[in-house]
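Since the structure comes first, as structure tokens, the remarks are kept for the end.
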């Protein structure tokens, strides 16, 4: 779930509100496309903002979600029809819809398990998305990547995006030196390989509505 958040730059509220019908059909896109557009509904409303935003999902994360959706525990989740288009993309261990609060708590537990900075929160994932895109080989210029970050994070103004991308210029120049850029699809595949757990091989406490 949090890999998907990092991959797409979603707020936790946008992530838990994704439903099955939001997941794109990759067969409709050229196989050469490494990333596929997906529409996410906003919860954080601000004047003039559209009720949804378009971001990008890597094929690695799409495959991961499809594998999860083909699992017995997801397909046969009680209270949800197998092909219900409004079925949440991610369910708790109790087969319920995640609330932003409980998803944030689960993230915090994972952070503590691996002894990362205790202050780390789900919102940091969006900063990670911005850094990943800026250091990637997407687009031809830094400005191309900055505009993509703005689109993915759903910011109305570029100045807001710049807050998420405060990287020292000399460091960014070294990271994005020709031939040294990161391939985001390779990164997504690597994260998938390192973090995938089979059915029931997780430590999630039984979730609930909040």
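In the UniProt record's numbering, the protein residues as written are 1 to 210. Ideal Cβ placement from N, Cα and C applies to all residues, glycine included.
Notebook entry, point to check: If you draw a straight line from the alpha carbon of residue 100 to that of residue 15, how long is it in whole angstroms?
Noted result: Residue mapping note: residue 100 aligns to position 100 of the chain shown, counting from 1. Residue mapping note: residue 15 aligns to position 15 of the chain shown, counting from 1. Straight-line Cα distance between these residues: approximately 8 Å.
Taking 7 Å as the threshold (C-beta atoms), are residue 58 and residue 188 in contact?
Sequence index remark: in the chain shown, residue 188 carries index 188 (1-based). Sequence index remark: in the chain shown, residue 58 carries index 58 (1-based). Yes, the Cβ-Cβ distance between residue 188 and residue 58 is below 7 Å.
Q.
I need the boundaries of the alpha helix (DSSP H) containing residue 146, first residue and last residue.
A. Indexing the chain shown from 1 puts residue 146 at position 146. Where residue 146 is concerned, the enclosing alpha helix (DSSP H) stretches over 142 to 153.
message = Quick check on DSSP: helix, strand or coil for residue 89?
response = By 1-based counting over the chain shown, the position of residue 89 is 89. Residue 89 falls in the coil class under three-state DSSP.
With DSSP as the reference, identify every bridge partner of residue 105, one or two as the case may be. Along the chain shown, read from residue 1 onward, the residue named residue 105 stands at position 105. Answer is none; residue 105 lacks a bridge partner.
* Please work out which residues of its chain come closer than 8 Å, Cβ to Cβ, to residue 19, disregarding the five sequence neighbours upstream and downstream, and give them in chain order. => Looking up residue 19 in the chain shown gives position 19. Within the same chain, residue 19 has close Cβ partners 85, 86, 87, 88, 89.
Check your understanding: Are residue 39 and residue 23 close, meaning C-beta to C-beta below 7 Å?
Key -> For the purposes of this step, residue 39 is taken as the residue at position 39 of the chain shown. For the purposes of this step, residue 23 is taken as the residue at position 23 of the chain shown. Not in contact: residue 39 and residue 23 (Cβ atoms no closer than 7 Å).
Terminal residues of the continuous alpha helix (DSSP H) containing residue 125?
Taking the first residue of the chain shown as 1, we reach residue 125 at position 125. Segment 124 to 134, the alpha helix (DSSP H) holding residue 125.
Presumed contact (8 Å Cβ cut-off) between residue 164 and residue 121, rounded CB distance: Your numbering for residue 164 matches position 164 in the chain shown. Your numbering for residue 121 matches position 121 in the chain shown. 14 Å between Cβ atoms; not a contact.
Hey, quick one: how far does the alpha helix (DSSP H) through residue 65 stretch, first residue to last?
Position 65 of the chain shown holds residue 65. Here the alpha helix (DSSP H) through residue 65 covers 59 to 69.
**Q.** Segment contact flag, the segment 28 to 42 with the segment 96 to 111, C-beta cutoff 8 Å, min 3 pairs
**A.** no
- Between residue 3 and residue 192, which are expected to be in contact by the criterion C-beta below 8 Å, what is the C-beta distance as a whole number of angstroms? Residue 3 sits at position 3 when you count from the first residue of the chain shown. Residue 192 sits at position 192 when you count from the first residue of the chain shown. With 8 Å as the limit, residue 3 and residue 192 qualify as a contact, their Cβ atoms being about 7 Å apart.
* Per DSSP, the bridge partner or partners of residue 19 -> Here residue 19 is taken as the residue at index 19 of the chain shown, counted from 1. Residue 19 pairs with 88.
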